[in-house]
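Enquirer: Residue numbers (this note's numbering): 37 to 336.
Glycine included, C-beta positions come from ideal geometry on N, C-alpha and C.
Fair warning: this is a prediction, and the values are worked out from it, not measured in the lab.
1. Under the rule that 16 or more other beta-carbon atoms within 10 Å means buried, what is residue 257, buried or exposed?
2. Taking residue 122 as part of the beta strand (DSSP E), name the residues at either end of that continuous run.
3. If distances are taken between C-alpha atoms only, which option among 231, 188, 215 comes closest to residue 225?
4. In the DSSP assignment, what residue or residues form a beta bridge with residue 114?
5. Work out the CA separation of residue 215 and residue 332 for me, nearest whole Å.
6. Taking residue 149 as the reference, give the member of 288, 301, 246 with the closest Cα.
7. Just verifying my parser: in three-state terms, what is the DSSP assignment at residue 332?
8. Starting from residue 248 and walking both ways along the beta strand (DSSP E), at which residues does that stretch end?
9. Under the three-state reduction of DSSP, which class applies to residue 162: helix, strand or coil?
10. From the DSSP output, which residues share a beta bridge with residue 235?
11. Can you tell me where the alpha helix (DSSP H) with residue 213 in it begins and where it stops?
12. Pick helix, strand or coil for residue 200, following the three-state DSSP scheme.
13. What residues in its chain sit with their C-beta under 8 Å from that of residue 117, if we drop five residues either side in the sequence?
14. Which residue spans inside the stretch 142-188 form an unbroken alpha helix (DSSP H) run of at least 4?
15. What does the alpha-carbon distance come out to for the pair residue 165 and residue 90?
16. Pick out whichever of 231, 193, 260 has its Cα sitting closest to the Cα of residue 239.
17. Which class does residue 137 belong to by DSSP, given the choice of helix, strand or coil?
18. Only counting the same chain, and skipping five residues up and downstream in sequence, which positions put a Cβ closer than 7 Å to that of residue 266?
19. What does DSSP give as the partner residues of residue 254 in its beta bridges?
20. Within 7 Å: the Cβ of residue 132 and any heavy atom of the ligand SAM?
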């Protein structure tokens with residue numbers, strides 16, 4: 037099922053046609069679906085490669101960011117990140133840029149793959165600390181690197197408040213939406229973030245973290261790469277159990293005001309996910325609802 041109104045359909049035949057036209061040496065390799073993302077359709081190619089195709093024209097810029105910046109950022113980071121190996125060009129079979137990366141082995145973060153959640157939270161803090169300290173390499177908060185999650189909360193109030201209203205009708209019987217709205221409104225009254233801009237991954241949710249023997253091994257999907265203030269970077273930590281969250285915050289020394297803004301980002305993006313993907317992506321809606329439950333539990 038399509039996730040967006042303007043989505044471009046992709047299947048194995050489309051990918052085979054692209055490979056035959058642009059990388060014929062890969063055209064006969066085994067091809068299997070590889071995960072379900074909101075921005076890209078993905079196929080594992082052979083044993084060592086991953087094909088990523090943007091779902092819409094709007095998402096194509098994310099692949100260009102990865103191709104441009106990941107080779108330069110990778111040496112500065114403590115864990116493995118995707119390695120682009122081919123920048124595909126639009127063709128008759130598919131009218132947008134597409135990408136091939138190295139396949140990174142590992143397990144997605146979930147209860148069956150992680151035993152020590154506090155250790156995982158500390159590992160994630162190490163990654164975030166290195167990314168936020170990395171040289172900007174001439175990048176500025178402009179163009180594709182000016183994503184909303186690197187800015188202030190207030191410019192997002194209109195659509196996040198609308199999403200919270202939608203949540204009231206969809207999940208209000210089981211979720212304390214009034215408290216979520218209060219947390220959001222309170223955060224709008226906090227001082228806006230200050231300090232230097234940093235690199236932001238933009239979407240450090242569990243499905244973008246790969247582990248080996250329960251410890252962080254790689255961080256994937258840099259389509260949300262942004263330059264800006266770090267508050268929203270902390271938001272996906274509410275997707276993890278409390279021991280991971282507490283270890284992460286302690287390791288980074290996040291102050292109360294920044295944490296409150298991060299929590300507001302967490303609930304705002306989750307509410308938006310519930311509203312936008314309600315009819316099209318139930319697995320993602322379930323992730324968002326779990327995040328809202330964790331936020332409410334944290335709020336006491």
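Expert: On the basis of the supplied data:
1. Mapped onto the chain shown, residue 257 falls at position 221. Result: buried.
2. Here the question's residue 122 lines up with position 86 in the chain shown. Run containing residue 122: 120-124, per the beta strand (DSSP E) assignment.
3. On the chain shown, residue 225 is found 189 positions in, with the first residue counted as 1. Nearest neighbour of residue 225 by Cα position, chosen from 231, 188, 215, turns out to be 188.
4. Taking the chain shown and counting its residues from 1, one reaches residue 114 at position 78. Residue 114 is not bridged to any residue.
5. Looking up residue 332 in the chain shown gives position 296. Looking up residue 215 in the chain shown gives position 179. Cα to Cα, the separation comes out at about 8 Å.
6. Residue mapping note: residue 149 aligns to position 113 of the chain shown, counting from 1. Minimum Cα distance to residue 149 is reached at 246.
7. What you label residue 332 is simply residue 296 of the chain shown in a count that begins at 1. DSSP places residue 332 in the helix class (H, G or I) of the three-state scheme.
8. Position 212 of the chain shown holds residue 248. Start and end: 245-248.
9. Looking up residue 162 in the chain shown gives position 126. In this structure, residue 162 counts as helix in the three-state DSSP scheme.
10. In the chain shown, the residue the question calls residue 235 occupies position 199. Per DSSP, 263.
11. What you label residue 213 is simply residue 177 of the chain shown in a count that begins at 1. First-last of the alpha helix (DSSP H) with residue 213: 213-224.
12. Position 164 of the chain shown holds residue 200. Helix.
13. As a working note, residue 117 is residue 81 in the chain shown. In its chain, beyond the 5 residues on either side, 106, 109, 110, 254, 255, 256, 258 have a beta carbon closer than 8 Å to the beta carbon of residue 117.
14. 153-169
15. Taking the first residue of the chain shown as 1, we reach residue 165 at position 129. Taking the first residue of the chain shown as 1, we reach residue 90 at position 54. Using only the alpha carbons, I get a separation of about 29 Å.
16. On the chain shown, residue 239 is found 203 positions in, with the first residue counted as 1. The candidate whose alpha carbon is nearest that of residue 239 is 260.
17. The sequence position of residue 137 within the chain shown is 101, counting from 1. Residue state, collapsed to three classes: strand.
18. One-based indexing of the chain shown puts residue 266 at position 230. The answer, listed in chain order, is 168, 234, 236.
19. Here residue 254 corresponds to residue number 218 of the chain shown, with the count starting at 1. Beta-bridge pairing links residue 254 to 116, 246.
20. What this structure holds is no ligand at all, so the ligand SAM is not there to describe.
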